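Visitor:
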Amino acid sequence: MRLEVDNDFTNKSIQKCYMCENIATSQEHVPPKCLFPEQKDTRGIDFRKNLIKIPSCDIHNMSKSDDDEFLMLSLSGIITNNIIGQFHFLTKSNRAIQRKSKDFISKQILKNLKVVDLKISEKQFKPAAIGHPNIERLNSCFEHIAYGLYYHEYNTRFEGEIKIFYGFLEYTDQYFQTLKKFIKKRFDIDDELKLPKKGDNNLVFNYEFQKPDNFGLFSVKLVFYGTTEIFISFKPENVKEPVDLAMMLMKNGIKTIINLDNERFEFN
Ligand SMILES: [Zn+2]
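In this text, residue positions in the sequence shown follow this note's numbering: the first is 2, and each later residue adds one.
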């Protein structure tokens, strides 16, 4: 007797999780579905066209935890968001906040919360909440999103290291503040490496992967609600980090000045 394994069958019916070796048991949305306005709020305008779904095991399905809602509340309330972000904050996010205890925002989303009048133009001020975001939890959310988008893009699981930079945060540490601006600039001027921008609900979310550079390193830029940017760099397992003199000087606290496209970045 000969036992034949139908490869085609196995490949199609058994999918592995986007984050680990486990067999997938469900599909997960990346980014989470709740970030996209529902038609009941938008009078029928569809902001949920072709949402991205990837296979996930039980452990890595974020929507089974309340991280989705945390992310929605963290991102939709950002003051510089486009009108869709502001609208989403006033509808779905606001309903979610109403269901929570009074101090939910100051405990879970923005610690040391203060309400200030923020100057948004020469004559205009707007009340805004400022505080310290829950970076650890944001990192966990964006790690899932990074792995998920990679899986969606390349149909395989990413193995290596990722680093996350929040373009929308003002870092109190000057070094991170400059590094953030530097990474953003480097991404924006590296046109040759950019792959086409993707995302069928552009006003809510879009992303742009870079092709790997000479070292095999690459990044992805995520944009939520038109303006809220997150940069994630990927270092695949088989890639050695290049010995970058400037980076070494910067990390060691030595004053380093880098000029990029006529802009001066001064570290330390
Ligand atoms: Zn998993």
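Ideal Cβ positions, reconstructed from N, Cα and C, are used throughout, including at glycine.
Please read these numbers as outputs of a predicted model, since none were measured by experiment.
Report yes if the C-beta of His153 is less than 6 Å from at least one heavy atom of ligand 1; otherwise report no.
Guide: no
Visitor: Sorry if obvious, but does the Cβ on Met20 come closer than 6 Å to a heavy atom of ligand 2?
Guide: Ligand 2 is not part of this structure, which contains only ligand 1.
Visitor: In whole angstroms, what separates the C-alpha of Leu150 from that of Ile231?
Guide: 13 Å
Visitor: Counting C-beta neighbours from all protein chains within 10 Å, is the total for Ser66 16 or more, i.e. buried, or is it exposed?
Guide: Ser66 comes out exposed.
Visitor: In whole angstroms, what is the alpha-carbon distance linking Asp192 and Glu209?
Guide: 11 Å
Visitor: Quick check on this structure: which residue in Gln175, Gln109, Glu22, Arg187 has the alpha carbon closest to the alpha carbon of Asn263?
Guide: Arg187
Visitor: Do you know offhand how far Gly217's Cα is from Asn23's?
Guide: 27 Å
Visitor: Mind checking which residues open and close the alpha helix (DSSP H) that includes Tyr155?
Guide: Residues 136–155.
Visitor: Let me know the secondary structure DSSP gives Asn207 once reduced to three states.
Guide: strand
Visitor: Just tell me which of Lys34, Lys195, Lys41 has its CA closest to the CA of Ile55.
Guide: Lys34
Visitor: Quick check on Phe48: does DSSP put it in helix, strand or coil?
Guide: coil
Visitor: Between Cys1 and ligand 1, is the CB less than 6 Å from at least one heavy atom?
Guide: No answer is possible for residue 1: it lies beyond the span of the chain, which begins at 2 and ends at 269.
Visitor: Does Lys41 come out as helix, strand or coil in the three-state DSSP assignment?
Guide: Lys41: helix per DSSP, three-state reduction.
Visitor: What span of residues does the beta strand (DSSP E) with Arg265 cover, start to end?
Guide: 264–268
Visitor: Just to confirm my understanding: we take Cys18, look at its own chain, exclude 5 residues before and 5 after, and list those with CB closer than 6 Å. What are they?
Guide: Ala25, Ser57, Cys58, His61
Visitor: In this structure, does DSSP put Phe216 in helix, strand or coil?
Guide: DSSP, read as helix, strand or coil, puts Phe216 in coil.
Visitor: Alpha carbon to alpha carbon, how far is His145 from His30?
Guide: 10 Å
Visitor: Do the CB positions of Asn83 and Gly227 come within less than 7 Å of each other?
Guide: Yes, these two residues count as a Cβ contact at 7 Å.
Visitor: So, for Gly168: in the same chain, excluding its five sequence neighbours on each side, which residues have a beta-carbon less than 7 Å away from its beta-carbon?
Guide: Lys181, Lys185, Glu230, Ile231, Phe232
Visitor: Using a Cβ distance threshold of 8 Å, determine whether the segment 126–136 contacts the segment 90–97, with at least three qualifying pairs required.
Guide: no
Visitor: Classify Pro32 as buried or exposed, calling it buried when 16 or more other Cβ atoms lie within 10 Å of its own Cβ.
Guide: buried
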